[in-house]
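*Asks:*
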Amino acid sequence: MADAPKVLVIRLNPISISNLPNEIIQHILSFLSPECLRALQLTSRAYKAHSNEPLLWRGHCKGTYKYWHPQHCFSRRLQSPAGQTDWKELFYLRKRRDRQVRDAMDRMVDSMRSRTVQIEVIAQFMNDAKDELLRHCHTDDSAEDVLARRYWARKALTCINRRDAIQTWADVRDGLCPSLERALNSFDLFVLGAEAATHEDTGARLDEQVQIFRRETPLFEELTTRKKAFALVEFMRSHDFEGMADEAYYGALRTNFIGIAMKDPKHQTIPLITVAIFCALAQRLGLDATPCGYPWHVYAIVDAPFGTSLDGAPLHTSDTSSDPDRMYLDPYRTTEEVSISDLRAQLSCMGVPTDDYDSFLAPASLREIIFRTARNIIGAVDRIQVTPRQRREDIPGDLLLPFRALPDIDDAYYASLWSMLLAAAGENESSDTTATRLRHYFSFMVEHFEIHFPEDVKLFEDFMLPLYASDSPQHSDLTLLCRTLRHRDVAPRKLVRRDTFESDAVRFRVGTLFKHKRYGYVGVVRGWDTQCEAGDVWMAQMGVERLERGGAQSFYHVLVEDKSVRYVAEENILPVMERPTGELMEIAGKYFRRWDDKEGAGGGRFVSNLREEYPDD
1 MADAPKVLVI RLNPISISNL PNEIIQHILS FLSPECLRAL QLTSRAYKAH
51 SNEPLLWRGH CKGTYKYWHP QHCFSRRLQS PAGQTDWKEL FYLRKRRDRQ
101 VRDAMDRMVD SMRSRTVQIE VIAQFMNDAK DELLRHCHTD DSAEDVLARR
151 YWARKALTCI NRRDAIQTWA DVRDGLCPSL ERALNSFDLF VLGAEAATHE
201 DTGARLDEQV QIFRRETPLF EELTTRKKAF ALVEFMRSHD FEGMADEAYY
251 GALRTNFIGI AMKDPKHQTI PLITVAIFCA LAQRLGLDAT PCGYPWHVYA
301 IVDAPFGTSL DGAPLHTSDT SSDPDRMYLD PYRTTEEVSI SDLRAQLSCM
351 GVPTDDYDSF LAPASLREII FRTARNIIGA VDRIQVTPRQ RREDIPGDLL
401 LPFRALPDID DAYYASLWSM LLAAAGENES SDTTATRLRH YFSFMVEHFE
451 IHFPEDVKLF EDFMLPLYAS DSPQHSDLTL LCRTLRHRDV APRKLVRRDT
501 FESDAVRFRV GTLFKHKRYG YVGVVRGWDT QCEAGDVWMA QMGVERLERG
551 GAQSFYHVLV EDKSVRYVAE ENILPVMERP TGELMEIAGK YFRRWDDKEG
601 AGGGRFVSNL REEYPDD
C-alpha cells in the first residue's frame with residue numbers, strides 16, 4: 001500500500017489591522033467613503049482616532065469639492081500642515097451647505113412662489129454652492145423634473161457668477177486694483193452659464209501657457225527686456241494667439257471674452273483681448289506690460305526695469321528720473337515693434353491735438369479697458385439684433401466650441417451695462433459727469449433687469465441703489481421696482497381654470513409644441529386667454545382685426561426658441577409632431593418639468609410646471 005501524501009500545515013497567527021503601521025492604516029482608510037469613516041469610528045477608540053486623522057479628511061475635501069468660498073483660504077490651507085485645519089468639520093460644513101442648496105432647489109422646482117428667495121438662500125454660499133448646483137445642472141435625462149431642475153440650477157449658478165463679477169467691478173470703482181485678466185474675465189462670468197466659469201479657471205489656462213512658453217524658451221531669463229517681449233509675441237502667434245483668422249468675423253460677439261478666448265483652441269479675439277492676454281502672460285513672466293489707451297486700436301506697452309534700458313544697458317544717473325525706456329507692440333497683427341513715430345503720425349492723421357498725444361500713448365487705466373470692452377460688446381449685440389438671431393449653422397466652423405456657439409446676447413448686454421455703471425465714477429471725472437452717465441444708463445439697466453433678471457433683486461439692492469443719491473428719482477424708482485419684484489415673487493398666482501363655457505373653446509393646452517402658421521418659428525404654449533386681452537394699441541399694431549377669427553378667438557402666451565415670449569392667435573398655432581430643439585429644451589425648464597414623448601396628440605408634449613396657475617393643464 002502506497003504511503004499517503006504528506007500535508008504541510010502552516011499555522012498563521014491572526015494579524016489585527018490595529019497592529020499595522022499607522023501609514024498603512026491611513027492608506028487603507030483613504031479608500032473608504034466619508035460615510036463609512038463615520039460608521040467605523042463608532043466601532044472602537046482606535047478606529048475613532050484613525051478615522052479622524054486630518055489627512056484623511058483633507059483628501060475628502062480636495063477630492064469631493066472643486067469650488068471653495070474665498071473665506072476658506074483653501075489653497076493656503078492645502079499648503080499648511082494638515083493638523084492646522086479641522087478638515088473633518090470643514091468637510092461637513094460643505095455637506096450641510098449642499099443639503100441647504102438641495103432643499104432650496106426642491107422648493108424652486110416644486111413651486112412658482114418665492115423662487116427669488118430660494119436663489120438668494122443659495123447665492124449666499126457663493127462658491128460653496130457651485131459643486132452641488134453643477135450636479136443639478138447635469139440631472140439625468142430620466143428625472144421627472146429634469147428640465148426644471150437644470151434650468152433653476154443654472155439660474156442660481158449664474159446669479160452667483162454675476163455677484164463675483166460685479167464685486168470685481170465695484171472694486172475698480174472703489175480704487176482697488178484687481179488684475180486686468182480678472183476685470184475682463186468678469187464679462188465671461190455673465191455669459192458662460194453652467195460652464196465652469198471662475199477667475200481661477202482662466203488664470204490656470206494662462207499659467208499653463210506660461211509653463212509651455214518657459215519649456216520652449218529655456219534661456220528666457222538671460223534675454224533682455226526687448227528680446228523677452230519679442231519672444232513672447234512670437235510664441236503667441238505660433239500658438240494661434242494671433243487675433244482673427246478671418247476679418248469678416250471681427251465683430252463676432254464671442255471674440256470679446258478673454259475666458260472664451262483661452263478655452264477656444266483657435267483663440268479668436270479682437271485686438272483688445274489679444275493684448276490683454278499678452279499682458280497677462282508677460283506679467284507672469286516678470287515683464288512690466290500694460291495695454292495702451294490708443295484710439296481705434298489697442299497696442300501693448302512694455303517698460304524696461306527702473307534704471308536700465310530695454311536692451312539691458314544701465315541708464316545714466318541723470319536719466320533715471322525720466323520716463324522708463326518703453327516699446328510698443330501689436331501682438332494682434334505682427335511680431336515687430338511699433339515705432340512711436342508711426343503712432344504719432346497716425347494720431348496726426350486722425351486730427352488728434354498734439355497736446356493729447358501723451359495721454360493716448362500712455363498705459364490705459366483698468367477702468368478705460370473695462371469701458372472699451374463694454375462698448376465693443378454692445379456694438380456686437382447691436383449688430384446681432386439688427387439681423388435675425390444668429391444660429392449655430394450661421395457661425396463659421398472655426399468659431400464653434402463644444403459648449404455654445406454664441407454667448408447669450410441678453411447676458412452680454414447685461415454685463416456691459418453693469419460694468420459701465422460700476423466703473424462710471426472715475427478719479428479724473430467730475431461728479432456731474434458721473435451723475436450724467438449714471439442717469440444715461442439707468443433706464444436701459446432697469447428695463448433689462450425687470451424683463452430678464454428679476455432674480456437679481458439683491459444685487460441691485462447691494463450694488464445699484466448705492467450709486468444714486470437717496471433723494472434722487474432713480475433711487476426712488478429702483479427702490480419701488482425692487483419692492484414690486486419681491487412682492488410679485490411671493491404672491492400667489494391667479495388661477496385660470498378650464499371650467500367655464502368660454503374655456504371649453506380653448507383648443508391647445510399648456511405644453512403644446514407648435515409652429516407659427518405665418519412666421520414659421522417654433523415655440524411652446526405656456527398660457528392662454530379665452531380671447532385677446534392685449535390693449536387696443538397692440539391689437540391695432542399687430543392687425544388683430546385682420547385675422548380670420550379676429551380677437552374673439554383664444555390667444556396663447558408662448559415661449560419661442562430665441563427666448564422671446566409672444567402672444568399668438570389660435571388660428572396661427574400649428575401643433576408639431578416632433579421633439580423640440582436643444583435650444584428650446586434648455587429654456588423650457590422655466591415653465592415645464594420635462595418633455596414627455598407619450599403626452600399630447602401623438603407627438604409628445606412638455607409636462608407643465610405651472611399647476612399653481614393652470615391647474616387643469
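Numbering-wise (the UniProt record's numbering), the sequence shown opens with residue 1 and increments by one.
In this text, a Cβ means the ideal position worked out from N, Cα and C, and glycines have one as well.
Computed from a prediction, not measured in an experiment: that's the story for all the values here.
Label K517 either buried or exposed according to how many other C-beta atoms from any shown protein chain fall within 10 Å of its C-beta, with 16 as the threshold for buried.
*Replies:* The sequence position of residue 517 within the sequence shown is 517, counting from 1. When all chains shown are included, K517 counts as exposed.
*Asks:* Quick one: grab the DSSP three-state call for V275.
*Replies:* What you label residue 275 is simply residue 275 of the sequence shown in a count that begins at 1. Helix, per DSSP.
*Asks:* With a 10 Å radius around its C-beta and 16 neighbouring C-beta atoms as the bar for buried, classify V298 as buried or exposed.
*Replies:* Residue mapping note: residue 298 aligns to position 298 of the sequence shown, counting from 1. When all chains shown are included, V298 counts as buried.
*Asks:* On the DSSP letters alone, give me the boundaries of the beta strand (DSSP E) that T290 sits inside.
*Replies:* The sequence position of residue 290 within the sequence shown is 290, counting from 1. Segment D288 to P291, the beta strand (DSSP E) holding T290.
*Asks:* Taking the alpha-carbon positions, what's the M539 to H557 distance?
*Replies:* As a position in the sequence shown, residue 539 is number 539, starting the count at 1. As a position in the sequence shown, residue 557 is number 557, starting the count at 1. Taking the straight line joining both Cα atoms gives about 15 Å.
*Asks:* Tell me which same chain residues have a C-beta within less than 6 Å of the C-beta of D411, skipping the five on either side of it?
*Replies:* Translated into positions along the sequence shown, residue 411 becomes position 411. F190 and V191, listed in sequence order.
*Asks:* Following the continuous alpha helix (DSSP H) through H475, name the residue where it begins and the one where it ends.
*Replies:* Here residue 475 is taken as the residue at index 475 of the sequence shown, counted from 1. It spans P473 to V490 - the alpha helix (DSSP H) in which H475 sits, taken as one unbroken run.
*Asks:* Going by other Cβ atoms of all chains shown within 10 Å of its Cβ, with 16 needed for buried, is residue 622 buried or exposed?
*Replies:* With the chain running from 1 to 617 in the structure shown, residue 622 is simply not present.
*Asks:* Please state whether the Cβ-Cβ distance between G603 and E570 is less than 8 Å.
*Replies:* Position 603 of the sequence shown, counting from 1, holds the residue named residue 603. Position 570 of the sequence shown, counting from 1, holds the residue named residue 570. No.
*Asks:* Can you tell me which of the three DSSP states R493 falls into?
*Replies:* Here residue 493 refers to the residue found at position 493 when the sequence shown is read from its first residue. Coil at R493, not helix or strand.
*Asks:* So, are the CB atoms of F241 and T274 less than 8 Å apart?
*Replies:* By one-based count along the sequence shown, residue 241 stands at place 241. By one-based count along the sequence shown, residue 274 stands at place 274. In contact: F241 and T274 (Cβ atoms closer than 8 Å).
*Asks:* Let's see if you can read the secondary structure: which residues bound the alpha helix (DSSP H) around S111?
*Replies:* Numbered from 1 along the sequence shown, position 111 holds the residue referred to as residue 111. Looking at the DSSP string, S111 is not in any alpha helix (DSSP H), and its letter there is neither H nor E.
*Asks:* Can you list, in chain order, the residues of its chain with a C-beta nearer than 8 Å to that of T308? Leave out the 5 residues immediately preceding and following it.
*Replies:* Counted from its first residue, the sequence shown places residue 308 at position 308. Once the five neighbours on either side are set aside, the close Cβ partners of T308 are T225, P314, L315 and D325.
*Asks:* Roughly how many angstroms lie between the CA atoms of R238 and L329, to the nearest whole one?
*Replies:* As a working note, residue 238 is residue 238 in the sequence shown. As a working note, residue 329 is residue 329 in the sequence shown. Looking at the sequence itself, residue 238 is Ser, so the reference to Arg does not match. Cα to Cα, the separation comes out at about 16 Å.
*Asks:* Could you give the residue range of the alpha helix (DSSP H) that holds R254?
*Replies:* For this step, residue 254 is matched to residue 254 along the sequence shown. Run containing R254: none; DSSP gives neither H nor E here.
*Asks:* State the CB to CB distance for the pair E583 and E561, rounded to an integer number of angstroms; the pair is presumed to be in contact (CB under 8 Å).
*Replies:* As a first step, residue 583 is located in the sequence shown; it is residue number 583 there, counting from the start. As a first step, residue 561 is located in the sequence shown; it is residue number 561 there, counting from the start. Going by Cβ atoms, the distance from E583 to E561 rounds to 5 Å, so yes, they are a contact pair.
*Asks:* Could you tell me how far apart the beta carbons of L422 and I166 are, in whole angstroms, since I believe they sit closer than 8 Å?
*Replies:* As a position in the sequence shown, residue 422 is number 422, starting the count at 1. As a position in the sequence shown, residue 166 is number 166, starting the count at 1. The Cβ separation is near 7 Å, so the contact holds.
*Asks:* Does K88 come out as helix, strand or coil in the three-state DSSP assignment?
*Replies:* For the purposes of this step, residue 88 is identified with residue 88 of the sequence shown, where counting begins at 1. Three-state result, K88: helix.
*Asks:* According to DSSP, what are the bridge partners of R594?
*Replies:* The residue you call residue 594 lines up with position 594 of the sequence shown. R594 pairs with V607.
*Asks:* If contact is defined by three or more beta carbon pairs under 8 Å, each pair taking one atom from either stretch, is the segment 338-349 in contact with the segment 367-386?
*Replies:* Contact fails between the segment 367-386 and the segment 338-349, because fewer than three Cβ pairs, one in each stretch, are under 8 Å apart.
*Asks:* Going residue by residue through the segment 341-371, where are the continuous alpha helix (DSSP H) segments of at least 4 residues, counting only ones entirely within it?
*Replies:* 357-360
*Asks:* Under three-state DSSP, which class holds V121?
*Replies:* Your numbering for residue 121 matches position 121 in the sequence shown. The answer is helix: DSSP assigns V121 an H, G or I state.
*Asks:* Leaving out five residues on either side along the sequence, give the residues of the same chain with a beta carbon under 8 Å from the beta carbon of A143.
*Replies:* To locate residue 143, count along the sequence shown from 1; it is residue 143. These residues qualify, in order along the chain: R149 and R594.
*Asks:* Considering only the alpha carbon of each residue, which of G550, Y521 and A552 lies closest to P580?
*Replies:* Mapped onto the sequence shown, residue 580 falls at position 580. The option with the nearest alpha carbon to P580 is Y521.
*Asks:* Can you list, in chain order, the residues of its chain whose CB lies under 7 Å from that of G397, leaving out five sequence neighbours each side?
*Replies:* Against the sequence shown, residue 397 aligns to sequence position 397. The predicted position of G397 is uncertain, since its pLDDT is 43 and thus under 50; no value can be drawn from it.
*Asks:* Note down, in chain order, each residue of its chain lying with its Cβ closer than 7 Å to the Cβ of L481, except the 5 sequence neighbours on either side.
*Replies:* Counted from its first residue, the sequence shown places residue 481 at position 481. Cβ neighbours of L481 beyond the five flanking positions: V446 and E450.
*Asks:* Could you check how far apart the C-beta atoms of T202 and G259 are, in whole angstroms? I think they sit under 8 Å.
*Replies:* Looking up residue 202 in the sequence shown gives position 202. Looking up residue 259 in the sequence shown gives position 259. Between G259 and T202 the Cβ distance is about 5 Å, and since that is below 8 Å, they are a contact.
*Asks:* State the start and end residues of the unbroken alpha helix (DSSP H) segment that holds I301.
*Replies:* Looking up residue 301 in the sequence shown gives position 301. Careful: I301 lies outside any alpha helix (DSSP H), inside the beta strand (DSSP E) at A300 to D303.
*Asks:* Which partner residues of R326 appear in the DSSP bridge assignment?
*Replies:* If you number the sequence shown from 1, residue 326 lands on position 326. Bridge partners of R326: D303.
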